[in-house]
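As structure tokens, the structure follows; a few thoughts come after it.
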DNA sequence: ATAGGGTTAG
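In full-length UniProt numbering, the protein residues as written are 1 to 777.
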């Protein structure tokens, strides 16, 4: 039998970095016989030296054991060296390498060995199948399973578990009944399939259908109840099980700890015959989850042995109660940081407003995962740096990061905040691919994203697809409709929610009341407001009152609105006065409007938006001196007008505009188009409200008013660049200006397009010359 | 004596 050198060596980046260049060339030698290959006769002296003296079968076994040991210690480079030096190998040798690489998370290396292996046996196939499953590639595992020459019960068990782990319960069950031989592990496999996918009733039925289960299965069932927070049933299992091992005790202790029953947990902890790092960690995280940080720390300090999970639990506890200093101290003292530790600290800094520290950790950490990305992106977004958040998105995509449920949720909510619809859609695509769509956790995030990005119909499509809608799903959709001005749809949905037997909460009712107000359903709104305490036990808060004042004000019942404000059980806040101001403006009651504005200034002197509203109110009734006074007051109180800007997304790029902006590369085209639109609008009867008032305005202000506002620029740019037939979505950071609102109505009719504007308060859908807000916002 | 499938904590 002859040895033949492989054309390519197994490459290992880790080795290449750590070892000298001469050892990089170690190559895997392939043997052509089945199991034991005989030594080579002709070989260079140099090579003979490098080889291990492997003659007898027992020598091979010794080497195999040594390889196993190396692999268990994570020294897979040393294992490879030994492997390469063996003149004779058995299939066990090869299998040990494959399995060893897999347990060291070196999937690619494992696959390479598998591919080069001269003669695979059953174990090789089985190991590789479970490797693919571990690597989240069920398709490839299934292919191997179908390809392999013969299968044994281990193969069947492996594929069964693969289906179960990927949520295919029905497939797993089919496999279970199809397999020719079943053993204890197969039975546990199907039990685990039910438990892992939350189908506890089926798990329980299966469990009772058969006597005598091994302790692993008892633990599995108990763990299922723990995951579903059904602690009483978990305890019942614990009490009935014939034999208990360490896992059983640990699971039960975790049950108590997670349920906040720390005394019971403590009692079991003391009774437990064996304690390991799991037991101790369960106690620490139990105390942490129940806010007993000092007790957690006492247990933590007493632990005989800590792993990364224990440290992370303690650090997370400090983060939770915003003890950034203590969290950092532990993080720095921690000997065994893992990705989780870094992620926890990044989140900690990001949530406490220190994004630059978060970023520096992010850049320094050795490996990043999807949580790291979500944390840093969320950090930028929450701290108002949406541009950097977006940049990081692009970076992440380039990095090919794999996403899980929580990172999807986090990233989607960032998309929603910055209204990055294109990115949101791309992430939606990935959500579908990852089969997370029907879960309400990710589903709700998707739903909110579409609502906030101005896509109410797409939002409803997502809503329909959520299998188990929860309160959040309903609230998001109802409030989404209300904010978009679709009051009728919101109310219909509310009725559907009641029929579905979901109990509304205060957030639901804010949506319902504002929907009534948008639709002009005064009596319905009043009835809901009056009955919600009795029907659902919801006490009206200031948001509910604000809705009601808006509702009455819109209908011109300013006296009733004022009366309701007086009857409020608490002081009116700025938002409530704002509703009254809006109503006064609409119905031309300058005196009341002025009073409301005064109140708002007193409550929120920094509120620049109110300055604009009040100036407009004065201007509309020709009170120019008061407009001037207003400006002076602004200057005196040092209130800076937040600069208004609008943005629009075109082909995955966000274009931002400010008033009179001429920095955009397409500036000339935009202005020319706006001039053209101006003529056509005037022809349709549009009169610029700014030009009406010009005679009595200071020169500086005059100029400002003559310049195009940011929302007009964004709309014009979008019409020029977004293909006909597609809606235009513009976001503005402040409330949309009155003149622009009128203009956009005309524009929507002239160009025949749907224009959706999200301002700081709500959505406006402009189409055919009207807006869904009914000109009241 | 060495390799493969099932349970627990963040």
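Ideal Cβ positions, reconstructed from N, Cα and C, are used throughout, including at glycine.
The structure displayed is predicted, hence computed values, not measured ones.
Item checked: N-terminal and C-terminal residue of the beta strand (DSSP E) that residue 732 is part of -> Stepping through the first chain from its first residue, residue 732 is reached at position 732. Per DSSP, the continuous beta strand (DSSP E) segment holding residue 732 begins and ends at 728-732.
Margin query: I'd like the span of the beta strand (DSSP E) that includes residue 653, first residue to last.
Written below: In the first chain, counting from the first residue as 1, residue 653 sits at position 653. Here the beta strand (DSSP E) through residue 653 covers 653-658.
Notebook entry, point to check: Applying the criterion that 16 or more other CB atoms from any shown protein chain within 10 Å of the CB defines a buried residue, is residue 321 buried or exposed?
Noted result: Within the first chain, residue 321 is the residue found at index 321, counting from 1. Label assigned to residue 321: exposed.
Check: Whose C-alpha, out of 683, 577, 342, 293, is nearest the C-alpha of residue 750?
Finding: Along the first chain, one-based indexing puts residue 750 at 750. Residue 750 has its Cα closest to that of 683, out of 683, 577, 342, 293.
Margin query: Cutting at 8 Å between CB atoms, please list the residues of its own chain near residue 372, excluding the five before and the five after it.
Written below: The sequence position of residue 372 within the first chain is 372, counting from 1. 339, 342, 343, 346, 362, 365, listed in sequence order.
Checklist line | Reduced DSSP category for residue 45 - H, G, I as helix; E, B as strand; rest coil | finding: Here residue 45 is taken as the residue at index 45 of the first chain, counted from 1. For residue 45, the predicted model reports a pLDDT of 41, less than 50, meaning its position is unreliable; a value from the coordinates is still stated below. Looking at residue 45 - three-state DSSP - the assignment turns out to be helix.
Next item on the list: Check whether the Cβ atoms of residue 778 and residue 732 lie closer than 9 Å to each other.
Entry: Residue 778 is absent from the model: the chain starts at 1 and stops at 777.
Next item on the list: With a 10 Å radius around its C-beta and 16 neighbouring C-beta atoms as the bar for buried, classify residue 115 as buried or exposed.
Entry: Within the first chain, the letter at position 115 stands for residue 115. Answer is exposed; the Cβ neighbour count stays below 16.
Margin query: Given a cut-off of 9 Å on the beta-carbon distance, is the pair residue 153 and residue 124 in contact?
Written below: Mapped onto the first chain, residue 153 falls at position 153. Mapped onto the first chain, residue 124 falls at position 124. Contact flag unset, no.
Checklist line | Option in 86, 169, 174, 141 with minimal Cα separation from residue 158 | finding: Here residue 158 is taken as the residue at index 158 of the first chain, counted from 1. That would be 141, whose Cα lies nearest to the Cα of residue 158.
Check: Okay, do the stretch 83-92 and the stretch 104-112 touch, 3+ Cβ pairs below 8 Å being the bar?
Finding: They do not touch, by the three-pair rule.
Check: According to the Cβ coordinates, are residue 487 and residue 447 closer than 9 Å?
Finding: The count along the first chain starts at 1 and reaches residue 487 at position 487. The count along the first chain starts at 1 and reaches residue 447 at position 447. Judged by their CB atoms, residue 487 and residue 447 are not nearer to each other than the 9 Å cut-off.
Checklist line | Any alpha helix (DSSP H) of 4 or more consecutive residues that is wholly inside the UniProt repeat "PPR" (276-310) | finding: You should have 277-289, 293-302.
Note to self: Taking 8 Å as the limit between beta carbons, can you name the residues of its chain near residue 49, skipping five residues before and five after?
What the structure shows: As a position in the first chain, residue 49 is number 49, starting the count at 1. Any reading at residue 49 needs caution, since the residue's pLDDT is 42, under 50, leaving its predicted position unreliable; the model's value is listed next. Excluding sequence neighbours, residue 49 sits near nothing in its chain.
Item checked: Cβ neighbours of residue 128 in the same chain (closer than 7 Å, five flanking residues each side left out) -> By 1-based counting over the first chain, the position of residue 128 is 128. Only residues of its own chain outside the window of five on either side were considered, and among them 98, 114, 144 have a CB closer than 7 Å to the CB of residue 128, listed in chain order.
Next item on the list: For residue 570, count neighbouring C-beta atoms within 10 Å of its own C-beta (all shown protein chains included) and say buried if the count is 16 or more, exposed if not.
Entry: Here residue 570 refers to the residue found at position 570 of the first chain. It counts as exposed.
Item checked: Proximal residues to residue 175 (C-beta, below 8 Å), its chain only, five neighbours per side dropped -> Residue mapping note: residue 175 aligns to position 175 of the first chain, counting from 1. Residues 156, 159, 160, 163 of the same chain have their beta carbon placed closer than 8 Å to that of residue 175, with the five preceding and five following residues left out of the count.
Next item on the list: Assign residue 44 to one of two classes, buried (16 or more other C-beta atoms within 10 Å of its C-beta) or exposed (fewer than that).
Entry: Translated into the one-based positions of the first chain, residue 44 becomes position 44. Annotation note: pLDDT 41 at residue 44 (below 50); position unreliable, no value reported.
Margin query: Pairs of beta-carbons, one from the stretch 502-513 and one from the stretch 453-468, closer than 8 Å: are there three or more?
Written below: No, because fewer than three Cβ pairs between the stretch 502-513 and the stretch 453-468 fall closer than 8 Å, the two stretches do not touch.
Checklist line | Contacting residues, own chain, Cβ-Cβ under 7 Å from residue 431 (five flanking each side not counted) | finding: Within the first chain, residue 431 is the residue found at index 431, counting from 1. Closer than 7 Å at the Cβ level, and outside the excluded window around residue 431, lie 408, 437, 442, 446.
Next item on the list: Have a look at residue 405 and residue 444 and give me their C-alpha separation to the nearest angstrom.
Entry: Mapped onto the first chain, residue 405 falls at position 405. Mapped onto the first chain, residue 444 falls at position 444. Residue 405 and residue 444: Cα-Cα distance of roughly 12 Å.
Margin query: Which residue wins for smallest C-alpha separation from residue 715, given the options 655, 768, 760?
Written below: Counted from its first residue, the first chain places residue 715 at position 715. The shortest CA-to-CA distance from residue 715 to any of 655, 768, 760 is the one to 655.
Check: Quick one: what does DSSP say residue 544 is sitting in, helix, strand or coil?
Finding: Residue numbering aside, residue 544 sits at position 544 when the first chain is read from its first letter. Looking at residue 544 - three-state DSSP - the assignment turns out to be helix.
Checklist line | Contacting residues, own chain, Cβ-Cβ under 6 Å from residue 644 (five flanking each side not counted) | finding: Mapped onto the first chain, residue 644 falls at position 644. So the list reads 710, 734, once near-sequence residues are dropped.
Note to self: Would residue 548 and residue 525 qualify as a contact pair, given that the criterion is a beta-carbon distance under 9 Å?
What the structure shows: Looking up residue 548 in the first chain gives position 548. Looking up residue 525 in the first chain gives position 525. Between residue 548 and residue 525, the CB-CB gap stays under 9 Å.
Check: Quick one: what does DSSP say residue 666 is sitting in, helix, strand or coil?
Finding: By 1-based counting over the first chain, the position of residue 666 is 666. Reduced to three states, the DSSP call for residue 666 is coil.
Next item on the list: Measure the alpha-carbon distance for residue 769 versus residue 726 and round it to whole angstroms.
Entry: Translated into positions along the first chain, residue 769 becomes position 769. Translated into positions along the first chain, residue 726 becomes position 726. Rounded to the nearest whole angstrom, the CA to CA distance from residue 769 to residue 726 is 17 Å.
Checklist line | Ordered list of alpha helix (DSSP H) runs contained in the UniProt repeat "PPR" (245-275), each at least 4 residues | finding: Segments of the alpha helix (DSSP H) lying fully in the UniProt repeat "PPR" (245-275): 246-258, 262-271.
Item checked: residue 691 - DSSP class collapsed to helix/strand/coil -> Within the first chain, residue 691 is the residue found at index 691, counting from 1. Low per-residue confidence applies at residue 691: pLDDT is 49, beneath 50, and the placement is therefore not dependable, though the value from the model is reported in the following sentence. Residue 691 carries a helical assignment under DSSP once its states are collapsed to helix, strand and coil.
Checklist line | Three-state secondary structure assigned by DSSP to residue 238 | finding: Position 238 of the first chain holds residue 238. Looking at residue 238 - three-state DSSP - the assignment turns out to be helix.
Check: Does DSSP classify residue 758 as helix, strand or coil?
Finding: The sequence position of residue 758 within the first chain is 758, counting from 1. In the structure shown, residue 758 sits in a strand (DSSP, three-state: E or B).
Next item on the list: Starting from the C-beta of residue 296, find all residues in its chain whose C-beta is less than 6 Å away, skip the five residues before and the five after it, and write them out in chain order.
Entry: For the purposes of this step, residue 296 is taken as residue 296 along the first chain, with counting starting at 1. Excluding sequence neighbours, residue 296 sits near 284, 287, 288, 317.
Item checked: Integer Cβ distance of residue 191 from residue 217, believed to fall under 8 Å -> On the first chain, residue 191 is found 191 positions in, with the first residue counted as 1. On the first chain, residue 217 is found 217 positions in, with the first residue counted as 1. The pair is a contact, with the Cβ atoms about 6 Å apart (cut-off 8 Å).
Margin query: Which residue marks the beginning of the alpha helix (DSSP H) containing residue 764, and which one marks its end?
Written below: Sequence index remark: in the first chain, residue 764 carries index 764 (1-based). Per DSSP, residue 764 belongs to no alpha helix (DSSP H); it is in the beta strand (DSSP E), 763-767.
Note to self: Among 243, 242, 279, 245, whose alpha-carbon lies nearest the alpha-carbon of residue 256?
What the structure shows: As a first step, residue 256 is located in the first chain; it is residue number 256 there, counting from the start. For the set 243, 242, 279, 245, the Cα lying nearest the Cα of residue 256 is the one of 279.
Next item on the list: Could you check what DSSP says for residue 453 in three-state terms: helix, strand or coil?
Entry: Your numbering for residue 453 matches position 453 in the first chain. Annotated three-state conformation of residue 453 is coil, per DSSP.
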